[in-house]
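Heads up, the thing below is written out as structure tokens.
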Amino acid sequence: TQLLEQSPQFLSIQEGENLTVYCNSSSVFSSLQWYRQEPGEGPVLLVTVVTGGEVKKLKRLTFQFGDARKDSSLHITAAQPGDTGLYLCAGDFGGKLIFGQGTTLQVKP
Amino acid sequence: DVKVTQSSRYLVKRTGEKVFLECVQDMDHENMFWYRQDPGLGLRLIYFSYDVKMKEKGDIPEGYSVSREKKERFSLILESASTNQTSMYLCASRWGATAGELFFGEGSRLTVL
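Protein chains in written order, with my numbering: chain A, 698 to 806; chain B, 33 to 145.
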């Protein structure tokens with residue numbers, strides 16, 4: 698069974714701080730995705746990374762895919778209360794999409 | 033816009049009952065998935081399907097079965113519900129086999145008493 702270890706599981710920070718969430722596995726992914734979920738809703742895709750070493754930016758969010766395609770990180774610069782939510786990484790193993798445990802982010806004003 | 037619709041937002045069932053969770057997508061997606069979501073465990077894959085009448089076990093298929101008689105509809109069946117199946121169930125679909133965006137329904141919260 699493929700496993701994705703996501704850390705930290707919970708993060709509570711003040712507005713304006715930076716943070717990084719990590720997603721690690723012993724398996725190689727064909728691609729990796731990051732989703733964000735708000736209460737009462739399904740997860741929504743933020744980004745897909747496919748190539749080892751790839752870096753993608755989405756406003757204040759920076760996503761990086763490890764060179765060996767076994768790990769990924771999400772960095773948020775100057776977090777805002779609107780960033781509050783559950784962040785999930787998901788690795789694609791031959792069509793089967795496996796999710797990490799999730800990181801609950803709380804950004805206080 | 034892609035829409036994934038789950039038939040019930042909230043269900044309360046008794047132990048031993050048969051439970052059907054229905055999911056319909058309107059974008060002709062080939063792939064459909066059922067996950068359950070529990071605090072601290074993230075989303076765990078129950079079953080997925082590449083095409084009509086095709087199904088593959090995910091990581092936690094025990095106690096569940098699925099049906100995909102039409103491309104747009106993927107049903108999750110709990111033959112005999114148990115209390116440890118109390119959870120949030122999420123259906124998702126996507127076009128293509130890999131790297132595609134998953135579109136999720138709003139979820140069905142099932143409580144088994």
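Note that CB positions come from ideal geometry on N, CA and C, so glycine has one too. Small disclaimer: the values here were computed from a predicted structure and weren't measured.
Going by beta carbons, B/SER119 and B/ASP70 fall inside the 8 Å limit. Only exposed fits B/THR143, as fewer than 16 other CB atoms lie within 10 angstroms of its CB.
Residues of chain B whose Cβ lies closer than 7 Å to the Cβ of A/VAL747 are, in chain order, ALA131. Along the stretch 64 to 90 of chain B, going in chain order, the ones with a CB nearer than 8 Å to a CB of chain A are PHE65, TYR67, GLY72, LEU73, GLY74, LEU75, ARG76, LEU77, PHE80, TYR82, GLU88, GLY90. Beta-bridge annotation (DSSP): A/LYS805 is paired with A/GLN711.
Leaving aside the five residues that flank A/GLU714 on each side, the residues in its chain whose CB is nearer than 6 Å to its CB run, in chain order, ALA776.
Between A/PRO740 and chain B, the shortest Cβ-Cβ separation is below 8 Å. Pairing B/MET86 with B/ARG100, the inter-Cα distance amounts to about 7 Å. Residue burial is scored here from C-beta neighbours: A/PHE796 has at least 16 other C-beta atoms within 10 angstroms and is therefore classed as buried. Annotation: B/ASP91 is outside any beta strand (DSSP E) and is labelled neither H nor E by DSSP. Per DSSP, reduced to three states, the secondary structure at B/GLN117 is helical. Under DSSP, B/PHE65 takes part in a beta bridge, and its partners are B/PHE80, B/ALA124. DSSP, read as helix, strand or coil, puts A/GLY779 in helix.
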